[in-house]
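Using my numbering, the first residue of the first sequence is number 28, and each one after it goes up by one.
All residues carry an ideal CB built from backbone N, CA and C; glycine is no exception.
Please read these numbers as outputs of a predicted model, since none were measured by experiment.
So the structure is just underneath, and the comments pick up after that.
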Amino acid sequence: MAYSKERYTMQYNFNEIEAKWQKYWAKNETFKASQNSKKEKFYVLDMFPYPSGAGLHVGHPLGYIASDIYARYKRHKGFNVLHPQGYDSFGLPAEQYAIQTGQHPAITTAKNIETYRRQLDQIGFSFDWSREIRTSDPSYYKWTQWIFIQLFNSWYNKDTDKAEAIDTLIAKFSSDGNASVNAVCDDDVVAFSADEWHAFSSKEQQTILLKYRLTYLAESEVNWCPALGTVLANDEIVNGVSERGGHAVIRKKMTQWSMRISAYAQRLLDGLEKIDWPQPLKDSQTNWIGRSQGAEVIFPILAFPKGEGTRPGYLTGGNNSHVLLERAKEMRNNPTQAEDILWQSLKSKNIGYKFRRQHVIGNYIVDFVCLTKKLIIEVDGGIHDAQKEEDTIRTAALNELGYEVLRFRNEQVIGDIDAVLKEILQSLEKIVVPPSGARGISVFTTRPDTIFGVSFMTLAPEHELVTQITTPEQKKAVESYIEATAKRSERDRMADVKTITGVFTGAYAEHPFTKEPIPIWIGDYVLAGYGTGAVMSVPCGDQRDYDFAKHFGIPIPNIFEGVDISEEAFTDKEKTIITNSDFLNGLPYKKALKTAIYELEKIGQGKGKINYRLRDAVFSRQRYWGEPFPVYYVDGMPQMIAPEHLPIKLPEVEKYLPTETGEPPLGNATTWAWCTEKNEVVPNSEINHTCTFPLELNTMPGWAGSSQYFNRYMDPQNEAEIFSQEAINYWQDVDLYIGGSEHATGHLLYSRFWQKFMFDRGFVPKDEFAKKLINQGMITGTSAFVYRNEDTGELTSKGLIKGLKVTPLHVDVSLVNSSDELDIETFKKTRPEFKDAEFILEDGKYIVGREVEKMSKSKYNVVNPDDIVKEYGADSLRLYEMFLGPLEQSKPWNTAGITGVHGFLKKLWRLYFNDNGSKVTDTVPSAENLKTLHKTIKKVEEDIANFSFNTSVSTFMICVNELTAQKCTSKDILEPLAILVSPYAPHIAEELWEKLGHSESIATVAFPTFEPKYLVESSKEYPISFNGKMRFKMELPADLPKEAIEAAVMAHEKTKEQLQGRTPKKVIVVPGKIVNIVG
RNA sequence: GCAGGGAUGGCGAAAUGGUAAACGCAGCUGGUUUAGAACCAGUACGCUGAGAGUUCGAAUCUCUCUCCCUGUACCA
28 MAYSKERYTM
38 QYNFNEIEAK
48 WQKYWAKNET
58 FKASQNSKKE
68 KFYVLDMFPY
78 PSGAGLHVGH
88 PLGYIASDIY
98 ARYKRHKGFN
108 VLHPQGYDSF
118 GLPAEQYAIQ
128 TGQHPAITTA
138 KNIETYRRQL
148 DQIGFSFDWS
158 REIRTSDPSY
168 YKWTQWIFIQ
178 LFNSWYNKDT
188 DKAEAIDTLI
198 AKFSSDGNAS
208 VNAVCDDDVV
218 AFSADEWHAF
228 SSKEQQTILL
238 KYRLTYLAES
248 EVNWCPALGT
258 VLANDEIVNG
268 VSERGGHAVI
278 RKKMTQWSMR
288 ISAYAQRLLD
298 GLEKIDWPQP
308 LKDSQTNWIG
318 RSQGAEVIFP
328 ILAFPKGEGT
338 RPGYLTGGNN
348 SHVLLERAKE
358 MRNNPTQAED
368 ILWQSLKSKN
378 IGYKFRRQHV
388 IGNYIVDFVC
398 LTKKLIIEVD
408 GGIHDAQKEE
418 DTIRTAALNE
428 LGYEVLRFRN
438 EQVIGDIDAV
448 LKEILQSLEK
458 IVVPPSGARG
468 ISVFTTRPDT
478 IFGVSFMTLA
488 PEHELVTQIT
498 TPEQKKAVES
508 YIEATAKRSE
518 RDRMADVKTI
528 TGVFTGAYAE
538 HPFTKEPIPI
548 WIGDYVLAGY
558 GTGAVMSVPC
568 GDQRDYDFAK
578 HFGIPIPNIF
588 EGVDISEEAF
598 TDKEKTIITN
608 SDFLNGLPYK
618 KALKTAIYEL
628 EKIGQGKGKI
638 NYRLRDAVFS
648 RQRYWGEPFP
658 VYYVDGMPQM
668 IAPEHLPIKL
678 PEVEKYLPTE
688 TGEPPLGNAT
698 TWAWCTEKNE
708 VVPNSEINHT
718 CTFPLELNTM
728 PGWAGSSQYF
738 NRYMDPQNEA
748 EIFSQEAINY
758 WQDVDLYIGG
768 SEHATGHLLY
778 SRFWQKFMFD
788 RGFVPKDEFA
798 KKLINQGMIT
808 GTSAFVYRNE
818 DTGELTSKGL
828 IKGLKVTPLH
838 VDVSLVNSSD
848 ELDIETFKKT
858 RPEFKDAEFI
868 LEDGKYIVGR
878 EVEKMSKSKY
888 NVVNPDDIVK
898 EYGADSLRLY
908 EMFLGPLEQS
918 KPWNTAGITG
928 VHGFLKKLWR
938 LYFNDNGSKV
948 TDTVPSAENL
958 KTLHKTIKKV
968 EEDIANFSFN
978 TSVSTFMICV
988 NELTAQKCTS
998 KDILEPLAIL
1008 VSPYAPHIAE
1018 ELWEKLGHSE
1028 SIATVAFPTF
1038 EPKYLVESSK
1048 EYPISFNGKM
1058 RFKMELPADL
1068 PKEAIEAAVM
1078 AHEKTKEQLQ
1088 GRTPKKVIVV
1098 PGKIVNIVG
């Protein structure tokens, strides 16, 4: 009996070992990163998880295992390693669960975190749990709120190309106004002087500053999801529906907080060059930012339709208009003969345009004016000959105000009224009046070199000019087109790219150079949200324009030399030679581009411009379970709460839905007002708008809490600062960041933005937060299927379904063994609907079908790590996940293979122990032993450097197989081996280490040093190939010179056999590698 | 359409200019102890998606094509 007990303890009892060491690590805080260490730092970070209710499946730990191996390896290499973990614990699922059950999201979140922690702990990660953070914890989101305030109090100075404190902007405004300020700001800022700045009211000043702040409140069109009751960011929408739940999304105007990320577009692009991130990830950020270089061109609008167009203000007078108005009235009542004749023809839209007489414009009273066309008609008597000079000044002043002046003499009007009217009409037709302040249609183009190829213009149906320029004849067609496109969802519009639709507005624009009229169309291939929402259409140089022109029979002028455009547009920039283009003739693309921009700038109708696709990020969400803003409102203007009063804690609410009046869920809170005297949150009833004000009802989006969390880990308990200068200066940045590629344009872009902002404001020393990033691939599930015969209802084994009409049905993967046989009895028990099903077997077995799919509950292919750990142990799970294949590749899970790595661990254990106890001796290791060990050290170090963890697991297997065959028992080999294995399989390594007689943890023991001398071979087995095909092998001394090798090979009888008497043309000898005989 | 990645035994894969398939799973044969199963020994299969080029030699480099995956999209 005693013997069998002894035997039991000497078995590899992984469950016991793993529990023991997990407890030891926790108790001794083995992996606590030291805050003041003389060691070199190394920061290994995982993307922290959102703690969902479903818990972890085997796909989740993949990245964590890889980073853990790296972190443990770095500890062995003598680094002070920071390897923290936390939870991104604000989010929609907890809130929706709360809506359904009434359970507070904080409670479900805490419960989920508990599950996650248990699951993570049992895998044996070396996280420094003393640094755990949770984004939903007020002590953490205090700093998210703090950063928001910093952003609010900053503006982007384009001259210094960085964010600066808002005070510096205010100082500029008070000394010079805003004329000299070169900032990233809203489009609609108007110029003001220092005096005007001082004259503005506080509210006006705040309104102006809001246009410059890095986070600002603006009415913007947002993606509103009625089903979720919230706004979604662009990256939260997939194929026109919400990423979560697939609900419809519509465009809606709302006042929202926005982040001026567009200020950083260029730097976010430039920064990609200095970070070691995967190329596909960099590419998707590059595409997302979408830089395109070209020009903005303005096309004046021609020929406003008669009587239509913009409605200019009636009161056009200057400062003395009250005096002039009296005089004008008088003059109206006493017209001259000529004036009267003309008025009879002009009044009541007689010639199609509305005219006014004796109208005050600026400081003048003009005889007649058409306000829509800004055309003034003056009828001069003899007196004007004497005051020619004065009239010139008058005309110039009116021109300055944007009016054309047409002068006629009394005699002309009286003598030939028809000729006068004809001239007036001609002028009216010709005059272009830019609507509502704009000077024409502004377009963005990357091909200003093709400007002479423009044969029409296209506006997005939503473009604001559409309603203003459409002619009465086209009005009906345009309106019905707009209605039709509005009905089509974004999804339909995307799916249906091939169908060409559009309609002519009836209006024309004027070509900047040829002055030819260009018809203006609207078409839904032009997107309102990109560029200016209008394009200059060059059918010969753009396929979409080409298709549109072909479809509607619009001319397609060719401006490319020697190119046939009868079938399709010519888009090859490099081969472009411009022709039929006036001053651009004969120029290649690049030169033509520059020249076109130069000429456009010269005539003031365009300029070179860089356009970005990246839009400012909407930062408000109409949700409960998110960070509250540290903002209250005074007279409609947002005010920041002073940082010393943070955190502003999320208030309690009755229910988590929007209020009946459509306000966000925080509108349900009864204690949600800010008292500026007590500096605390007080009941809403105390709101008096003098010292107590309403608080912001929106909360921050999901990415708020994750955009700086990596820096908070450096000093997570600091209550006075987001992190101490000491901590940030020591830890600097993340050395290795591992996580999924799905965050490419969300978290990873926003984090880089905030990091650059923090850098600009001097809070952090690095403007990129992660030097190296790795995307682990997804682990997919291997679903299993049974096949139901549609005719008989029988379940047919996979090999017999050919020719039958069968429906595949998912079965739980846990009921299938490694040979794809179904456990029929258990299947019947767990799926009552198949209790009496007839099974058609092959060779007495039911074989299931297999297919690789994403892991999901509904597919019955989810594999839970808990079960694996229980059955094979954490070390087996860790090794197996690494062994599956390259880290970055997506790969299917198949539990069957785990017996391989599990067997390896048992074999490893038996190197150290047999039934009687330890086998380890002080025997001097053989050369063979040392060769195996050092070969392994070399390969494993190379593999870790390349993140090739799958091959190092193979290397361990080879090593253990070899040492077992060598019957190695030497401590000098087995000790270093335990260290080598420890990053991968830490539990067994600790146990072996302890059994070898050590009392300290293996975690920081120095990694064995590779010594090349043990790998030196005295001989080499040369592969001898003939014409590149290996035929036989030959053992030769390793240091044999080239000539001797050749001689030895040629003398070999097998060589003669291969050559069959032929003389080789050539013999290639690569010493140490190969011999190749050609001939 | 564009961008990126990929295609090697029945399966996961290794080899990045020099012996293709290491390592593991599954298969097959034999053995040992079995309640299940575990362990040990042995073993077959396979020529790198197709074609061309460079080379003494190509899975690896170049070109053309096919297919698959990921991302993205009337981006002017």
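Beta-carbon contacts of residue i that lie in its chain and below 8 Å, excluding the five residues immediately before and after
i: I1000; result: P952, N956, L957, T959, L960, L990
i: G1099; result: K1047, A1065
Rounded C-alpha distance that separates residue i from residue j
i: G336; j: I496; result: Bear in mind that a pLDDT of 38 at G336, under 50, signals an unreliable position, so the number given afterwards is only what the model happens to contain. So the two alpha carbons sit approximately 6 Å from each other.
i: K621; j: N209; result: 25 Å
i: F479; j: I586; result: 7 Å
i: A954; j: Q993; result: 11 Å
i: G113; j: F737; result: 10 Å
i: F812; j: R877; result: 6 Å
i: E1080; j: A1074; result: 12 Å
i: T472; j: A619; result: 14 Å
i: F1059; j: P1035; result: 38 Å
i: V217; j: I368; result: 44 Å
i: I755; j: K65; result: 15 Å
i: M37; j: A1012; result: 18 Å
i: E821; j: A864; result: 6 Å
i: K104; j: A1033; result: 6 Å
For residue j and residue i, believed in contact at Cβ under 8 Å, the rounded distance
i: P875; j: K825; result: In the sequence on display, residue 875 carries Val and not Pro. With 8 Å as the limit, V875 and K825 qualify as a contact, their Cβ atoms being about 6 Å apart.
i: P792; j: Q759; result: 6 Å
i: F1037; j: K933; result: So it is not a contact: roughly 27 Å between Cβ atoms.
i: R99; j: F179; result: R99 to F179, Cβ: 42 Å. No contact.
Beta-carbon contacts of residue i that lie in its chain and below 7 Å, excluding the five residues immediately before and after
i: Y341; result: Low local confidence applies: a pLDDT of 44 at Y341 is under 50, so the model's placement there is unreliable, and no value is given.
i: R384; result: R359, W370, D394, F395
i: N695; result: V680, E681, K682, T686
i: S647; result: V258, Q283, W284, N725
i: F1053; result: Q1085, I1104
i: T950; result: T996, S997
Unbroken alpha helix (DSSP H) run spanning residue i, endpoints
i: I44; result: 41-55
i: C986; result: 976-992
i: I496; result: 493-496
i: W182; result: Run containing W182: none in the alpha helix (DSSP H); it sits in the beta strand (DSSP E), 181-184.
Cross-strand partners of residue i (DSSP beta bridge)
i: S1046; result: P1064
i: R383; result: V396
i: C702; result: E707, T719
i: F435; result: V406
i: L822; result: R815, F866
i: Q320; result: I637
i: L677; result: Paired residue(s): none; L677 is not in a bridge.
i: G613; result: None; G613 has no bridge partner.
i: Y97; result: The partner list for Y97 (beta bridge, DSSP) is empty, contrary to what the question assumes.
i: V1105; result: K1093
Cutoff 6 Å; reference residue i; Cβ partners in own chain excluding five residues on either side
i: I1095; result: N1103
i: A1005; result: A1016, L1019, W1020
i: K600; result: Y616
Range covered by the beta strand (DSSP E) that runs through residue i
i: V208; result: It is not in any beta strand (DSSP E) - V208 carries neither H nor E in the DSSP assignment.
i: T809; result: 806-816
i: M664; result: 664-667
Any non-hydrogen atom of the ligand PLP within 7 Å of residue i CB
i: K676; result: Of ligands this structure carries none, so the ligand PLP is not represented either.
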